[in-house]
Amino acid sequence: MDDQLRALRHSASHILAQAVTRLYPDAKLAIGPAIEQGFYYDFDVEKPFTPEDLEAIEAEMKVIARERYRIERFELPREQALETVRSQPYKRELICALPEGEPISFYKQGEFTDLCAGPHVDHTGRVKVFKLTSATAAYWRGDARNQTLCRVYGTAFFTKEELQAHLTALEEAAKRDHRKLGRELDLFALYDEGPGFPFFFPKGMILRNELLAFWRQEHKRAGYEEISTPLILREELWHRSGHWEHYKDNMYFTNIDDSGFVIKPMNCPGGMLAYKRRMWSYRELPVRMAELGVVHRHELSGALHGLMRVRSFTQDDAHLYMTPEQIPSEIVGVIELVDRIYKVFGFEYRVELSTRPESYMGEIATWDKAERILEDALIAKSVNYRVNPGDGAFYGPKIDFHLVDSLGRSWQCATLQLDFQMPECFELEYIGPDGAAHRPVMIHRTVLGSLERFIGILTEHYAGAFPLRFSPVQAIVLPLTDRHAEYARDVFAALQDAGFRAELDARSEKIGYKIRQAQVQKIPYMLVLGDKEEENGTVAVRSRSGGDLGAMKCCEFMEKMRQELNIT
RNA sequence: GCUUGUGUGGCUCAAUGGCAGAGCAGCUCACUUGUAAUGAGCAGGUUGUCGGUUCGAUUCCGACCACAAGCUCCA
């Protein structure tokens, strides 16, 4: 977003606040910035706004825009500034938080004045094309312990055409929504009966299993071995790992013969036991143990979102055990693996370094060291990243890799966590060259993150038209009439024998209809078989993206598919 | 969990304080088709659940459940 658009939207948010102040004189103003999609303003009001209220507010905003108030900046010394906002407790708090010596600026338009750093457009008449989109709850300073505010979202543009393009883009994005495509393509779904517990159907399982086959191939190449640990483990283990103390609110519990057990929310404690099954030599390190672990976490009901945030998911987890000297190269190895796998799908990703949270384990000095190691690795690999303070795991800082969905919402997928704590809790050891026992360092990491979330992202990324390798159905055979059914069965059998995922649509329907259905199902190839093809022993190939590709021998077509598969 | 909204056949959506309707999908029949929807017929519903108001509730009210958007949280 350029500066001019930002200023326009910021001014729109002031006009919003002015309109609300006119209609609800008791409303207290919090903050109102321009954002990627538009702008918002947070208000402390008696009753949260309903859609009807928003219409009235929007109408008042139009009046303010028509009145073309000059938007004027002025600065005040602290005392006077506080006096200006004496009836606005949130503004007072903002002013008090400003460092001494910082200029305190206000913007005035008509009867309305707001504390603001700017910049703005020169008068309210500039804000012609705008729309309020929703009202939701937000917390003062983003903290759930604080006052609940009513946040009004809107968007603004310079021209009607831009606004229309924005709304059209939102409609287009809605068509790629994985929740919609999951149902339409018969891949996966969520039901009332299992909030946050997704179902995968046969076609969804093919996608999932192909993804896993690719994952296993890449991990084998990267020197990983695979394990599996139990879903349910004794309560005592979770006390030892620190999860009980730091993660209890998110855990599910059960009893077996009167003793307490935990449904695992993470795979690491089980992984630790797998490491401890025998003694390790420094010559064997690093050990890279991967696990496709199903974890259950009690996420807040309001946080659930399709496959993106669920209560039961499969992590493509791995725990790497190493000597301190091996840390940098192992971190780099993970960063490279993530990059290699994401590139295959053409993903752009964002990287964050998440540091020590409020609820943490161990010594601050250890944390500082770990954070520095991660940061050094990012710098060494010239990775662009931003710091996300306080968002680390309770046992260590992490590097997170975020992907975006069709609406631009960002979801954490890969993660790389450096952990000095768990090896301590579990007294992990290896024998060094000196013959003595040493404590290994460990890395927790995922690449896909959650298989479910990744499939959600993948579905939206490709709008359901998955690459051949991941398509649940790769080719569909479409006989023109009943008399071509036998030849069609031969072609279908040949495709299946060659290992391709094929379907046969021998219904007595018009070819246009069958093609339409195959197209809607985003099947990569359609093979139309009529008299000509039967006579010549060929197949007429249509691709979902390129239309009619003409006739070719069936073996030629299969060779073409093989070549396409070899790309990944 | 919080705020606002939504909930009608498998899917997409109408309608109304007084017998709940359409398209798609499904089933049956006819058509034998050349690159994005052939026609006809049949079947499919305790209008999310539980209460309340009412002669009568799918419609109004309340609680609960689920979903959507956002906040919080996180893979």
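Anchor point for the first sequence: position 35 equals 67 in my numbering, and the numbering is continuous, going up by one each time.
Backbone N, C-alpha and C define an ideal beta-carbon position, used for all residues, glycine too.
Just to confirm before moving on: does the CB-CB distance between residue i and residue j stay below 8 Å?
i      : j      : result
LEU317 : PRO472 : yes
ILE103 : SER43  : yes
PRO356 : ARG388 : no
VAL571 : LEU581 : no
ASP432 : GLU492 : no
PHE75  : LYS60  : yes
ASP218 : PHE231 : no
GLN69  : PHE144 : no
TYR279 : TYR462 : no
ASP222 : GLY338 : Going by the sequence as given, residue 222 is Leu instead of Asp. Contact flag set, yes.
GLU277 : VAL294 : no
ALA583 : LYS564 : yes
PHE71  : ALA206 : no
ALA409 : PRO360 : yes
PHE524 : LEU243 : no
ASN420 : LEU385 : yes
VAL366 : ILE475 : yes
LYS212 : VAL161 : no
ASP588 : TYR519 : At residue 588 the sequence reads Glu, which differs from the Asp that was named. Result no, Cβ atoms of GLU588 and TYR519 do not sit closer than 8 Å.
ALA167 : LEU86  : yes
PRO301 : LEU324 : no
LEU202 : ASP348 : no
ALA62  : ARG38  : no
LEU239 : PRO504 : yes
VAL184 : LEU40  : no
LEU55  : GLU84  : no
Output needed for residue i: all residues of its chain with C-beta closer than 6 Å, excluding positions within five of it in sequence on either side, in chain order.
i      : result
ALA495 : ARG208
ALA517 : PRO511, ALA538
GLN675 : This structure cannot settle anything about residue 675, because the visible part of the chain is limited to 33 through 600.
GLY255 : ARG320
ALA322 : HIS251, TYR256, GLU258, ALA350
THR398 : PHE452
GLN358 : PRO318
MET393 : GLY274, PHE426, TYR427, GLN453
Could you name the residues that DSSP lists as bridge partners for residue i?
i      : result
PHE232 : PHE220
GLU258 : ALA322
ILE288 : SER291
THR491 : Bridge partners of THR491: none, in fact.
ASP74  : ARG183
LEU61  : PHE75
MET584 : VAL571
GLN358 : None; GLN358 has no bridge partner.
ASN598 : Looking at the DSSP assignment, ASN598 forms no beta bridge with any residue, so it has no partner.
LYS163 : THR187
SER482 : GLN347
SER386 : ASN420, LYS430
SER313 : ILE463
Could you round the C-beta distance between residue i and residue j to whole angstroms and report it? I think they count as a contact, below 8 Å.
i      : j      : result
ARG124 : VAL117 : 6 Å
ILE489 : CYS445 : 7 Å
ARG576 : PRO556 : 6 Å
LEU352 : GLU368 : Wrong, their Cβ atoms sit about 14 Å apart, outside the cutoff.
ILE47  : ALA97  : 6 Å
PRO297 : HIS275 : 7 Å
MET454 : MET304 : 6 Å
LEU108 : PHE138 : 7 Å
LEU435 : TYR381 : 6 Å
Can you list, in chain order, the residues of its chain with a C-beta nearer than 7 Å to that of residue i? Leave out the 5 residues immediately preceding and following it.
i      : result
ARG341 : GLU331, ALA335
ARG329 : ASN282, PRO297, ARG343
LEU500 : GLN506, PRO556, MET593, GLU596, LEU597
PHE486 : CYS445, LEU480
TYR284 : ILE295, HIS328, HIS330
SER540 : ASP514
SER391 : HIS278, PHE426
Give me, in chain order, the residues of the same chain whose beta-carbon lies closer than 8 Å to that of residue i; leave out the 5 immediate sequence neighbours on both sides.
i      : result
ILE547 : LEU510, MET558, VAL560, ARG574
ARG248 : GLU258
GLY569 : LYS585, CYS586
PHE229 : LEU222, VAL342, ARG343, SER344
ALA149 : SER137
THR478 : GLN347, ASP348, ASP349, ALA350, CYS445, ALA446, THR447
Uninterrupted beta strand (DSSP E) stretches inside the region 422 to 451 (no shorter than 3 residues):
Here the runs fully enclosed are 430 to 436, 442 to 451.
Within the region 171 to 206, ranges of the beta strand (DSSP E) (whole runs, at least 3 residues):
Scanning the region 171 to 206 for uninterrupted beta strand (DSSP E) segments of 3 residues or longer gives 180 to 189, listed from N- to C-terminal end.
Run through the region 531 to 580 for me and flag every whole beta strand (DSSP E) of 3 or more residues, listed as ranges in chain order.
Runs of the beta strand (DSSP E) inside the region 531 to 580: 534 to 536, 557 to 561, 570 to 575.
Please give the ranges of any alpha helix (DSSP H) in the region 96 to 150, keeping only runs that are unbroken, at least 4 residues long and fully inside the region.
At a cut-off of 4 residues, the continuous stretches assigned as alpha helix (DSSP H) that sit fully inside the region 96 to 150 are 110 to 116, 121 to 129.
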